[in-house]
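Working notes, beginning with the structure itself.
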Amino acid sequence: MEVKIEDSWKEILKDEFHKAYFEQIAMHLKLEKASGKTIYPPGGLIFNAFDQTPFDKLKVVLLGQDPYHNPGQAHGLCFSVQKGVKPPPSLVNIYKEINKDLGLPIPETGDLTPWAQNGVLMLNAMLTVRANEPASHSKIGWENFTDAVIQKISDKKQGVVFILWGRFAQEKQILIDATKHHILKAAHPSPFSADKGFFGCRHFSKTNELLVKEGLEPIDWRL
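Shown next, in the form of structure tokens:
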């Protein structure tokens, strides 16, 4: 199957695209669309995280779980929503933490594309979802693919900052070589857990401190 994805990633991940599990994902999506199901994000944005953050520009990995499942929200970047869409509660809490950590104003937009273009791979573990059905594609094989992505970043790069919020993201730590990368962990920014260790984590300033130590440009977290 021909996958439309940014060239550096196409090369790094080429073996995955020919594996049986990936063919099954493609078939599953095709069958659901044929049966009239709406799938988010739209087809051209499924690999948007990779398209916005080429492998050689990647400095930070921010890990999410599932795309947003309401109309007009998901566009292939974890925690981010399309322009003009109201920031969801978890993103509002992320903005509050940035404001406290870095003193930056709380943005009105929920579109985090500038972060992705600045070197933050904004990776959901599942890259698609059925409309109005959260976690509906959690068992179709996407985690095989995104686990391989995390593993390849760990193997082929050095000094990447992995930001893991919540238990689900933290379970991915086993895929990361902690002797050559940095891992930041905190509670999830969801309203259900933000008070239990997300607020006050200062991951935005800490990420930049680590990048500067690696001799890299810090992330511009302004939007």
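Positions in the sequence shown are counted from 1; adding 87 to them yields my numbering.
Glycine is no exception: its CB is placed at the ideal position from the N, C-alpha and C atoms.
**Request:** Please determine, among K300, R309, P154, N295, the residue with the shortest C-alpha to C-alpha distance to V147.
**Result:** Looking at K300, R309, P154, N295, the one whose alpha-carbon comes closest to that of V147 is N295.
**Item:** Reference L164; option with closest CA among P194, A203, I193
**Value:** If you compare the alpha carbons of P194, A203, I193 with that of L164, the shortest gap goes to A203.
**Request:** Can you grab the Cα-Cα spacing for the pair Q245 / F142, in whole Å?
**Result:** Rounded to the nearest whole angstrom, the CA to CA distance from Q245 to F142 is 12 Å.
**Request:** Determine the closest residue to K267 out of F279, Q257, G284, L298, with distance taken between C-alpha atoms.
**Result:** It is L298 whose Cα lies nearest to the Cα of K267.
**Message:** On the DSSP letters alone, give me the boundaries of the beta strand (DSSP E) that L208 sits inside.
**Reply:** 207 to 211 is the span of the beta strand (DSSP E), which, as asked, contains L208.
**Prompt:** What is the C-beta distance between A136 and L210, in whole angstroms, given that I count them as a contact (C-beta under 8 Å)?
**Reply:** Confirmed, about 5 Å.
**Request:** Look at the alpha carbon of P290 and the alpha carbon of G197, and state the distance between them as a whole number of angstroms.
**Result:** Per the sequence shown, residue 290 should be read as His rather than Pro. The alpha-carbon atoms of H290 and G197 are separated by roughly 19 Å.
**Request:** Note the first and the last residue of the continuous alpha helix (DSSP H) segment covering W252.
**Result:** Here W252 belongs to no alpha helix (DSSP H); instead the beta strand (DSSP E) covers 248 to 252.
**Request:** Below 8 Å on the Cβ atoms is my guess for Y212 versus W229; work out the distance and round it to an integer in Å.
**Result:** Strictly speaking, residue 212 in this sequence is Ala, with Tyr absent from that position. Your pair A212 and W229 checks out as a contact, with CB atoms roughly 7 Å apart and the cut at 8 Å.
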